[in-house]
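Chemist: Just add 147 to the spot in the sequence shown (first one is 1) and you have the numbering used here. For glycine and all other residues, C-beta sits at the position ideal for the given N, C-alpha and C. Just so it is clear, the structure is predicted and the values come from calculations on it, not from any experiment.
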Amino acid sequence: MVMSLRVSELQVLLGYAGRNKHGRKHELLTKALHLLKAGCSPAVQMKIKELYRRRFPTKMVSPVDLALPGVHTAAGLPAGLAQLGFDGHSSPSPLLPVSLLGPKHELSLPHLPSALHPVHPDVKLQRLPFYDMLDELIKPTSLASDNSQRFQEACYAFALTPQQVQQISSSMDISGTKCDFAVQVQLRFCLSETSCPQEDHFPPNLCVKVNGKPCNLPGYLPPTKNGVEPKRPSRPINITSLVRLSTTVPNTIVVSWTSEIGRSFSMAVYLVRQQSSAVLLQRLRAKGIRNPDHSRALIKEKLTADPESEIATTSLRVSLLCPLGKMRLTIPCRSVTCSHLQCFDATLYIQMNEKKPTWVCPVCDKKAPYEHLIIDGLFMEILSSCSDCDEIQFKEDGNWCPMRSKKEVQEVSASYNGVDTGRIFTSQKRSNDNKKKVDVIDLTLDSSSEEEDEPPMKRPSVAVGGKSETAFYHRSFSGWLHIVIVVHV
């Protein structure tokens, strides 16, 4: 038993026996074996058995094994575990953890072959921003069966403590059309990978029953290609409404799925508290605003000329509108893993992920999880000091200037709409008194068309005070083009 314990369990054992618990695994094993050879107390022996049962708690036993000598039949099982099958019938081979049968049954069982996968792999699931974990009801456990068939089935059980029952009951909300709980019992599935925290991932053809009642799963997504098997969107499953809020009767979960060659899955059950987008926004604000110098340094880095490149960036334009809602930013944020300067609005981003959690940056389409979000201090300064523009331009030194839209300098209207040509002529005359010879052309055009319907008509020249004025009228398909030429002599 001692040889199969892990480092953490060996440290617990040595600490319980009052021995030094520091060192590498082989040193801890040597100390534990010396402890056994020296003769340990019954309490230490019980501790070793307890750690061993915790290390290998769920040897899977079928009803055939329960009929072996020294093992009671299913009639001696706790209430609710004797008949665990689909549609109210007994399952062909329900698999029950030995720990549910009690220590007497476990000790009297014959030696069973070890499973291909560890019962409790070192799998960690990704943290869910909208759920705070309160307790771990079933830690990540391998979905494993004792048969080699394609369709697999396994049974798991957990019990609630009085405190957990009170937490769930007190969080009940019946104000809406259905009963909701802020504190929930959450079932999650993932791949049995230990390299990094795992996303939710459903096994193929998943079916779940909680206390004999079928559990609602997310609907199938439409297949992207013909002939492709439809899949469910993998997400946490809220099973609170199916759980018995009792401290005496255990809750059972029967899982059936289709096995895949080369892939194994794990399941876990947690007690969580659901949070709203307002709480997440408040927590993001509590993290503080990132120093504006970080953004200025990023700007200078992007605008620094590369001597090996023939193309140099001299300025950067950034919009002050959120790419999600096309409205002016209020809380500019982005992920620390993003390389762009463009920000999006934190409030809208969190609210959208509350409805459908994807946590993807709307600018670069890369992962932008909640824990990586930061509020940009430079953009906060820009928004507070520049309220009348929607776009800015960054310069090489890190400074910025507003980019305003170009307004039309020349008004276009038809001559018959009351254009005061005399006033225009007078202003042109005053501005050009000091020049000997100036040509002034007054163009009032109703249309940009260059088509000609009639040849231009010429008005005779009129001499006024040493000035000669000649007017041409040109007819277009939508109006008259009035051309006035004034020559100062």
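So, is ASN167 buried or exposed, given that buried needs 16 or more other C-beta atoms within 10 angstroms?
Modeler: Its Cβ having fewer than 16 others within 10 Å, ASN167 is exposed.
Chemist: How is the alpha helix (DSSP H) around THR494 delimited, first residue to last?
Modeler: Element bounds for THR494: 493-502.
Chemist: By DSSP, does ILE478 sit in helix, in strand, or in coil?
Modeler: If DSSP states are grouped into helix, strand and coil, ILE478 belongs with coil.
Chemist: Span of the beta strand (DSSP E) holding MET280?
Modeler: It spans 278-289 - the beta strand (DSSP E) in which MET280 sits, taken as one unbroken run.
Chemist: Measuring only the C-alpha atoms, how far is GLN345 from PHE526?
Modeler: GLN345 and PHE526: Cα-Cα distance of roughly 34 Å.
Chemist: By a C-beta neighbour count over all protein chains shown, 10 Å radius and 16 as the cutoff for buried, is SER151 buried or exposed?
Modeler: With fewer than 16 other Cβ atoms within 10 Å, it is exposed.
Chemist: Check whether the region 511-530 touches the region 436-443, counting contact only when three or more Cβ pairs, one atom from each stretch, lie closer than 8 Å.
Modeler: The region 511-530 vs the region 436-443: in contact.
Chemist: Going by beta carbon distance, what residues of the same chain come within less than 8 Å of PHE203, once the five residues before and after it are set aside?
Modeler: Taken in chain order, the residues that qualify are SER151 and VAL266.
Chemist: What's the C-alpha gap between ASP440 and LYS542?
Modeler: Using only the alpha carbons, I get a separation of about 14 Å.
Chemist: For the putative contact between LEU467 and ASP537, defined by C-beta atoms under 8 Å, what is the C-beta separation to the nearest angstrom?
Modeler: About 5 Å separates the two Cβ atoms, so the contact holds.
Chemist: Could you check whether the region 366-381 touches the region 315-332, counting it as contact only if at least three pairs of C-beta atoms, one from each stretch, sit closer than 8 Å?
Modeler: No, they do not touch.
Chemist: Quick one: is ARG481 buried, meaning 16 or more other Cβ sit within 10 Å of its Cβ, or exposed?
Modeler: So ARG481 counts as buried.
Chemist: What separation, rounded to the nearest whole angstrom, lies between the Cα atoms of LEU307 and GLU197?
Modeler: The straight-line gap from Cα to Cα measures roughly 21 Å.
Chemist: In terms of residue numbering, what span does the beta strand (DSSP E) encompassing VAL159 cover?
Modeler: Careful: VAL159 lies outside any beta strand (DSSP E), inside the alpha helix (DSSP H) at 154-163.
Chemist: Roughly how many angstroms separate the alpha carbons of ASN398 and ALA304, rounded to a whole number?
Modeler: Roughly 5 Å between the two C-alpha positions.
Chemist: How about SER403 and ASP347: do their beta carbons lie closer than 8 Å?
Modeler: In this structure, ASP347 does not lie closer than 8 Å to SER403 by Cβ.
Chemist: What's the gap between the Cα of TYR496 and the Cα of LEU471?
Modeler: Answer to the nearest angstrom: the Cα atoms are 8 Å apart.
Chemist: Rounding to the nearest angstrom, what Cα-Cα distance links SER246 and THR394 in this structure?
Modeler: Bear in mind that a pLDDT of 42 at SER246, under 50, signals an unreliable position, so the number given afterwards is only what the model happens to contain. One C-alpha to the other measures close to 17 Å.
Chemist: Suppose the cutoff is 6 Å on Cβ atoms and the five residues either side in sequence are ignored; what does the same chain contact list for LYS172 look like?
Modeler: Contacts found: VAL154.
Chemist: Can you grab the Cα-Cα spacing for the pair MET193 / MET319, in whole Å?
Modeler: Cα to Cα, the separation comes out at about 41 Å.
Chemist: For SER388 and GLN429, what's the separation of their Cα atoms in angstroms?
Modeler: Going from the Cα of SER388 to the Cα of GLN429 covers about 30 Å.
Chemist: Select from LEU175, GLY545 and ASP279 the residue whose C-alpha is nearest the C-alpha of GLU448.
Modeler: Cα-wise, what sits closest to GLU448 is GLY545.
Chemist: Looking only at its own chain, which residues have a Cβ that is under 7 Å from the Cβ of ILE478, when we skip the five neighbours before and after it?
Modeler: Only ASP492, ALA493, THR494 and ILE522 meet the Cβ criterion.
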